[in-house]
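These notes are about the structure you will find just below.
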Amino acid sequence: EELSAGLEKTKTGLFSKLARAVAGRSTIDAGVLDDLEEVLISSDVGVETTVKIIRRIEERVARDKYMNASELQSILRGEIATLMEDAHGSSENFGLDATEGQPYVVMVVGVNGAGKTTTIGKLAAQLGKAGRKVWIGAADTFRAAAIDQLQVWADRAGATMIRQQMGSDPASVAFDTLTSAKANGADVVLIDTAGRLHNKVGLMNELTKIRNVMGKVIPGAPHEVMLVLDGSTGQNAFEQAKQFTQATQVTSLTITKLDGTAKGGVVIGISDQFHIPVRYIGIGEGIDQLRIFDRKEFVNALFG
Ligand code: GDP
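Residue numbering for the sequence shown is 0 to 303, as defined by my numbering.
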């Protein structure tokens, strides 16, 4: 029920538009499908994924000729559920309590404002509650405020934070953090990184340097590269996913700020287009408002 509340705006937006698309129509004809296409695009599902969904619905309509326009909602639900299943495969519903790696190292990337600091704080708190020893590395050394903000979250979560002064080398902070985490038997390490999208090569070089240093301290680290995207930015989130996946190997996604936006369709489109598992979604600023992503629960919350 908390998830439904978090996705309320997306849900009402989608359904009021769907209702309008089928109003007064008895069969699923080209006109209804055109309107449905509009609905999906305006819900930020993205053009490619929208076209894919419409094509699948067209095939079903051609096959089962008597489909009623009022059934469109359940047909759409089924197609979206299938698409989410294809995108996530077997990698579903996993939180960060992995024991592999000793410690398990997560490098967190994303543009400034996407919610990296908040997500790291919420994760640290959840993991701490579950009895994990969490280390946080403040490798976004370009913003003094970001370091202080992260410290507040780390203190609240009972996590150990490793920091250096502003402007220091991010790779050096990552090195210190992993060294300390390893020496102290940490379970999970969360490394914050700078979110300046100066240019593709610059970003790539910076992230590569940090990754290489990590691998030298703990073989195989980072075990996960989590891209944090602000869901309320709609198409911008797609663009950021494109840039970061080109700059480094992203292995998981967290999509934040799904509360208070009608653009929750980004979760569907980004899953479909990037095939990177969504591990968490943010549905509020509170410490508990980070949820392990469950694709079935998500579809149920949208259509339930
Ligand atoms: P960073 O620059 O990527 O580290 O972003 P921050 O973690 O500082 O977050 C930017 C703003 O987004 C802050 O005001 C957060 O409280 C807010 N925020 C982060 N996640 C969520 C979320 O899931 N929902 C809402 N409503 N706000 C969020």
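Cβ coordinates follow ideal geometry from the N, Cα and C atoms, glycine included.
In the structure shown, SER251 falls within a strand segment according to DSSP collapsed to helix, strand and coil. Exclusion of the five residues before and after GLY109 leaves LYS115, GLY194, LEU226 and VAL227 as the residues of its chain whose Cβ lies within less than 6 angstroms of its Cβ.
The ligand GDP approaches THR255 closely enough that one of its heavy atoms is under 6 angstroms from the residue's Cβ. If you draw a 10 Å sphere on the C-beta of THR48, you find 16 or more other C-beta atoms in it, and that means buried.
With three or more CB-CB distances shorter than 8 angstroms, the stretch 33 to 52 counts as touching the stretch 68 to 81. Distance check between GLY214 and each of SER171, GLY184 and ILE119 places SER171 closest, using alpha-carbon atoms only.
Closer than 6 angstroms to some heavy atom of the ligand GDP: that describes the Cβ of GLY281. Contact between LEU2 and THR118 does not hold, since their C-beta atoms are separated by about 17 angstroms, which reaches or exceeds 8 angstroms.
The shortest CA-to-CA distance from TRP134 to any of PHE141, ALA143, ALA124 and ARG142 is the one to ALA124. Close CB contacts of GLY136 within its chain, under the 6 angstroms cut and outside five residues either way in sequence, are with ILE161, VAL172, ALA173, THR176 and ILE190 (chain order).
Taking a C-beta distance under 7 angstroms as the contact criterion, THR140 and MET165 qualify as a contact pair. Note: ASN67 is bridge-paired with THR26 in the DSSP secondary-structure output. Closest by C-alpha distance to ILE146, out of TYR103, SER42, SER167 and LYS132, is SER167. ALA113 has its Cβ nearer than 6 angstroms to a heavy atom of the ligand GDP. Distances between the C-beta of ASP258 and the heavy atoms of the ligand GDP include at least one below 6 angstroms. Relative to the ligand GDP, GLU284 has its C-beta within less than 6 angstroms of a heavy atom. The residue from GLU7, ASN67 and GLY120 with its alpha-carbon nearest to that of ALA20 is ASN67. In this chain, the beta strand (DSSP E) harbouring ALA137 covers 133 to 138. Distances taken from the Cβ of THR232 to the heavy atoms of the ligand GDP include none shorter than 6 angstroms.
For MET106, the enclosing beta strand (DSSP E) starts and ends at 103 to 108. Within the stretch 3 to 60, the complete alpha helix (DSSP H) segments at least 4 residues long are 7 to 21 and 29 to 41, listed from N- to C-terminus. DSSP, read as helix, strand or coil, puts ARG210 in helix.
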